[in-house]
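Novice:
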Amino acid sequence: MALERAAWLEREHGATVEWLPFDLHPEYPSEGIPREELRRRYPEDVHERTRQMVEAAGLAYNPPPDVVPNSRQALELTELAREKGLHGEVHTRLMHAYWSEARNIGDTDMLLDLVAEAGLDREEAAAALADRRHANRVDASTAQAQQAGINAVPAFVLEGRLLLLGAQPHEIFERALEQVGGELRALKSVGRKPPQGFPPHPFPGSQLPPHRSRLPEPALPPHAVSRARAT
304 MALERAAWLE
314 REHGATVEWL
324 PFDLHPEYPS
334 EGIPREELRR
344 RYPEDVHERT
354 RQMVEAAGLA
364 YNPPPDVVPN
374 SRQALELTEL
384 AREKGLHGEV
394 HTRLMHAYWS
404 EARNIGDTDM
414 LLDLVAEAGL
424 DREEAAAALA
434 DRRHANRVDA
444 STAQAQQAGI
454 NAVPAFVLEG
464 RLLLLGAQPH
474 EIFERALEQV
484 GGELRALKSV
494 GRKPPQGFPP
504 HPFPGSQLPP
514 HRSRLPEPAL
524 PPHAVSRARA
534 T
């Protein structure tokens, strides 16, 4: 899924990928929702497609069987990890814990144990959750992404110009990279700098249909909106 696509962009195209927080399901209660409720909301093919995407990324598909967690606290702690230079470690640990180890990352004690395994100080992480010091950062990033038309995860913004929604095939990424590269070369040829910031324009063919625009799982990996920049 998102981790595999990001690794591929870095490996094959020398991209620099920056993960940003996006609260996909703010309506979930703090304890999450029963997984059975999720099964009733979405047709079986949606769940099967999610399983296939996870396994295609090289992970075992084994999310918590009884609950779909609220990932808000995970989003806030990955921002603490960013400050400490541990974003990659925490991000990856939570990804594997949820998708492959059936860990409920919405449970505060479980979450604190997991981020401590990845190198964060457990007491400092608990204090960050208590005082909500990273809440505004998550809210601002989510609002910016929504203004750009992002309503699903994963989402990739290429060079701040082109938006791809969903875990698109490598071929779609190749076409999008070719397009954005052409745009940047055209601007350079006339001595213009590319405009900075959102909103990017969607890449044709990468938009998700309405019934797939909100994926049934929590916003995992915790930072599922990414900006990719060629290096």
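Each residue of the sequence shown is one higher than the last, beginning at 304 in our numbering. Think of the CB as a built atom: it goes at the ideal place given N, C-alpha and C, for glycine as much as any other residue.
Between which two residues does the beta strand (DSSP E) harbouring F459 extend?
Specialist: A458 to L461
Novice: Can you give me the start and stop residues for the alpha helix (DSSP H) that L415 sits inside?
Specialist: T411 to E420
Novice: Hey, how far is the Cα of L417 from the Cα of H328?
Specialist: 22 Å
Novice: For the beta strand (DSSP E) that contains A318, what are its first and last residues?
Specialist: A318 to L323
Novice: For E358, which residues from the same chain have a beta carbon less than 6 Å from its beta carbon, with the 5 sequence-adjacent residues on both sides left out?
Specialist: Y364
Novice: I'd like the list of long-range same chain contacts for R440, defined as Cβ closer than 6 Å, with 5 residues on each side in sequence excluded.
Specialist: Around R440: E382.
Novice: P367 and A421: beta carbons closer than 8 Å?
Specialist: no
Novice: Grab me the residues of L380's own chain with a C-beta within less than 6 Å of its C-beta, minus the 5 sequence neighbours each way, in chain order.
Specialist: Within the same chain, L380 has close Cβ partners V418 and A428.
Novice: Tell me the DSSP secondary structure of I336 in three-state form.
Specialist: strand
Novice: In whole angstroms, what separates the C-alpha of Y401 from that of S374?
Specialist: 10 Å
Novice: Run the CB neighbour count on L323, radius 10 Å, all protein chains shown included, and call it buried at 16 or more, exposed below.
Specialist: buried
Novice: Can you tell me whether DSSP reads E307 as helix, strand or coil?
Specialist: helix
Novice: If you pair each beta-carbon of the region 342-350 with each one of the region 385-400, do three or more pairs fall below 8 Å?
Specialist: no
Novice: Determine the DSSP secondary structure at H328, reduced to helix, strand or coil.
Specialist: Coil at H328, not helix or strand.
Novice: Given this structure, state the Cα-to-Cα distance separating L306 from P472, to the nearest angstrom.
Specialist: 13 Å
Novice: My output table needs one value for V441: the three-state DSSP class, helix, strand or coil.
Specialist: helix
Novice: Taking the alpha-carbon positions, what's the E313 to G463 distance?
Specialist: 16 Å
Novice: Measure from the alpha carbon of W311 to the alpha carbon of each residue in G485, V493 and L480, then state which is nearest.
Specialist: For W311, the nearest C-alpha among the options comes from L480.
Novice: In whole angstroms, what separates the C-alpha of E339 from that of S333?
Specialist: 17 Å
Novice: Classify D326: buried if its beta carbon has 16 or more other beta carbons within 10 angstroms, exposed otherwise.
Specialist: buried
Novice: Which runs of the alpha helix (DSSP H) at least 4 residues long sit entirely within the region 329-391? Give them in chain order.
Specialist: Taking 4 residues as the minimum length, the alpha helix (DSSP H) runs contained wholly in the region 329-391 are 338-344, 347-359 and 375-386, in order along the chain.
Novice: Tell whether a beta-carbon distance below 8 Å holds between I408 and L415.
Specialist: no
Novice: On the CB-based measure, 16 or more other CB atoms within 10 Å of its CB, does T319 come out buried or exposed?
Specialist: exposed
Novice: Which value, in whole angstroms, describes the spacing of the CA atoms of Q376 and G494?
Specialist: For Q376 and G494, the distance between alpha carbons rounds to 45 Å.
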